[in-house]
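**Student:** Residue numbers (my numbering): 30 to 220.
Ideal Cβ positions, reconstructed from N, Cα and C, are used throughout, including at glycine.
Submitted below is the structure of interest, expressed as structure tokens.
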């Protein structure tokens, strides 16, 4: 009996925002259950991402999410925190992949199998596209919840990214508990 090759795609959402965690997705798709319309999450509408999220969770052989908190981002730096979230997402799969392909140009240390980085992989490798979608929808949903918990910053609208409204709220309100204090625009608001 031949061993099935299990390709795991990995991508993150939330590297650039000033607030909130970074989230990574890991997905092993089922070749027997293809999913149409997968693409880089940033190239899909919110409605399409949400529809694909359900289909991915239903049809994938395995999927997992991993998170790194704002305090972990501050402690480790965004690159290392992203790697931590990716390792956590892979662990959450509940099965061992044969190979991992990661969007970008950076492979975390300590992965359980061979891994390669693929620049723009979220638009060219179905597994990475699926991981991109799961990470983005999960993080967006969390930031909408954070908007209710810490109103005034506009997290539901901008998801913690550095837009004018967010900058103005930081100046007025100061940082919230989910802001990344190591990010310059946030630390500048403390002065």
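#1: Rounded to whole angstroms, what's the CA-CA distance from residue 213 to residue 60? Just pull it up for me.
#2: Does DSSP put residue 69 in a helix, a strand or coil?
#3: Using beta-carbon positions only, say whether residue 39 and residue 129 come within less than 8 Å of one another.
#4: For residue 165, is the classification buried or exposed, using 16 other Cβ atoms within 10 angstroms of its Cβ as the cut-off for buried?
#5: Considering residue 156, what are the terminal residues of the alpha helix (DSSP H) in which it resides?
#6: Helix, strand or coil for residue 150, going by three-state DSSP, please let me know.
#7: Work out the CA separation of residue 37 and residue 143 for me, nearest whole Å.
#8: With a cut-off of 8 Å, do at least 3 Cβ pairs link the segment 198-216 to the segment 71-83?
#9: Taking the straight line between their C-alpha atoms, what separation do you get for residue 200 and residue 218?
#10: Residue ranges of each alpha helix (DSSP H) run of no fewer than 4 residues wholly in the segment 31-113, ordered along the chain?
#11: Residue 210: which of 41, 50, 111 sits nearest, CA to CA?
**Tutor:** In this structure, then:
#1: 44 Å
#2: coil
#3: yes
#4: buried
#5: 155-178
#6: helix
#7: 11 Å
#8: no
#9: 6 Å
#10: 75-88, 99-105
#11: 50
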